[in-house]
Amino acid sequence: MEKRLTTTAMLFSVGFVFMLICTVGAFFYGIQIGTEKTEAKYEKKDESSKMAAASVSPYQQQDLVSFYHTVFLPYREFQNEWFAAMNKLSQGNTSDATSMFKDLANLAASKAKDASSIDMQKSPLLGQSQVGYIRSLKLFNEAADKAATSAKTLSFNELKKNVEQEKTYQSASQFALSAQQAYYSAMLKWSSTVDLDIPEDYKSPAILELKHWKTLAITTKNKLIADQLMTRKQLTSYYPQDLTSRVDEFVLSGQAAKMKMHTLSAVVDLLINTEAVRNGDFTESKSRLYQKALLPQLPFFYPETN
Numbered sequence: 000m001e002k003r004l005t006t007t008a009m010l011f012s013v014g015f016v017f018m019l020i021c022t023v024g025a026f027f028y029g030i031q032i033g034t035e036k037t038e039a040k041y042e043k044k045d046e047s048s049k050m051a052a053a054s055v056s057p058y059q060q061q062d063l064v065s066f067y068h069t070v071f072l073p074y075r076e077f078q079n080e081w082f083a084a085m086n087k088l089s090q091g092n093t094s095d096a097t098s099m100f101k102d103l104a105n106l107a108a109s110k111a112k113d114a115s116s117i118d119m120q121k122s123p124l125l126g127q128s129q130v131g132y133i134r135s136l137k138l139f140n141e142a143a144d145k146a147a148t149s150a151k152t153l154s155f156n157e158l159k160k161n162v163e164q165e166k167t168y169q170s171a172s173q174f175a176l177s178a179q180q181a182y183y184s185a186m187l188k189w190s191s192t193v194d195l196d197i198p199e200d201y202k203s204p205a206i207l208e209l210k211h212w213k214t215l216a217i218t219t220k221n222k223l224i225a226d227q228l229m230t231r232k233q234l235t236s237y238y239p240q241d242l243t244s245r246v247d248e249f250v251l252s253g254q255a256a257k258m259k260m261h262t263l264s265a266v267v268d269l270l271i272n273t274e275a276v277r278n279g280d281f282t283e284s285k286s287r288l289y290q291k292a293l294l295p296q297l298p299f300f301y302p303e304t305n
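According to numbering that gives the first Met the number 0, the sequence shown is numbered sequentially starting from 0.
#1: Within 8 Å, do at least three Cβ pairs link the region 227–246 to the region 166–178?
#2: Are the Cβ atoms of Leu187 and Lys222 separated by less than 9 Å?
#3: Taking Cβ to Cβ, would you say Ala114 is nearer than 9 Å to Ile133?
#4: Quick check on the burial criterion: 16 or more other C-beta atoms within 10 angstroms. Buried or exposed for Met229?
#5: Looking at C-alpha atoms only, which residue of Lys137, Gln61, Tyr168 is the closest neighbour of Met85?
#6: Which ranges does the alpha helix (DSSP H) cover as unbroken runs of at least 4 residues, wholly within the region 58–127, from first to last along the chain?
#7: Tell me whether Gln164 is buried or exposed, calling it buried when 16 or more other Cβ atoms sit within 10 Å of its Cβ.
#8: Checking the sheet assignment: what are the DSSP bridge partners for Glu303?
#9: Going along the chain, which residues of its own chain have a beta-carbon closer than 7 Å to the beta-carbon of Arg245, five neighbours each way excluded?
#10: Which residue's Cα is closest to the Cα of Ser203: Leu195, Trp212, Asp196?
#11: Work out the CA separation of Leu293 and Ser286 for me, nearest whole Å.
#12: What would DSSP say about Thr235, mapped onto helix, strand or coil?
#13: How is Thr218 classed by DSSP in three states: helix, strand or coil?
#14: Starting from the C-beta of Ala255, find all residues in its chain whose C-beta is less than 7 Å away, skip the five residues before and the five after it, and write them out in chain order.
#15: Pop quiz: Thr218 and Ser177 are said to be a contact at Cβ under 8 Å. What is the actual Cβ separation, rounded to whole angstroms?
#16: What is the DSSP secondary structure of Glu274, reduced to helix, strand or coil?
#17: Quick check: Leu63 and Leu251, are their CB atoms within less than 9 Å of each other?
#18: Whole angstroms is fine: what's the gap from Lys87's alpha carbon to His68's?
#19: How many Å lie between Asp268 and Gly131 at the Cα?
#20: Does the Cβ of Tyr183 have 16 or more other Cβ atoms within 10 Å, making it buried, or fewer, making it exposed?
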């Protein structure tokens, strides 16, 4: 004979099952809420980390300074010796051209190693510039070796012409100019983080009027001059800022207006073709033209004074 549950027992059983369902539901609901809060917390933290990372520019002044001393300066030291050697050739002022070029080959190899001693790849433009200078030095090493061999059979004038027309030398020059262009572009990016009115990149129009040139910041001007030298394949003993200062002096003195020149390219062509630019021109005019200009604290902008 079947035993039937009393009403009280039935109610108790139903109530127990209901409480059990509510307890389990509350447990899983609590887990869901906790998970959502935790995820939201870490998402917020991750967003903050990303924002903080984004706010740190890869073109800080310390990066530009590190690059100057570890990459640019080794290249520049070699370049100065190269130009001095070529000047000796043009003047016939060397007793042993073969030995001179062998020394230059060794110097280029040594400076290429020095320029490789630091990794600048976290700053794309500085990384690009580093690669360019290292490749340039390696190619100069090859060009100097070839010149040392040619020096045994060619006169000084013939040797100089031969070196400058040789493809390895021309490639070395192009890599150096490309590296220079990237370095000055990095300086422009740095200045844009300090002064928000300065664009982080500036591409010159096909024709840049001098009236517009005059309104640009010094870091923008230097970058444009590096572009101009690259376009003309002009590897020079002077810095881009030296040519910048000569352009500014030419414009501000009224000479450009007197000669009815209205574009940057026209003035640059005149100054280069007449050899009117010298290493140190920027330093001489800095106090007059750029006393309050925004520039990174690099030695070639702030040379030591005795």
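Idealized CB from N, CA, C, for every residue including glycine.
On the basis of the supplied data:
#1: yes
#2: yes
#3: yes
#4: buried
#5: Tyr168
#6: 60–66, 72–90, 96–114
#7: exposed
#8: DSSP output for Glu303 lists no bridge partner at all.
#9: Leu270, Ala275, Val276, Asp280
#10: Trp212
#11: 13 Å
#12: coil
#13: helix
#14: Leu209, Phe249, Val266
#15: Contact flag wrong, Cβ pair sits at about 19 Å.
#16: coil
#17: no
#18: 28 Å
#19: 26 Å
#20: buried
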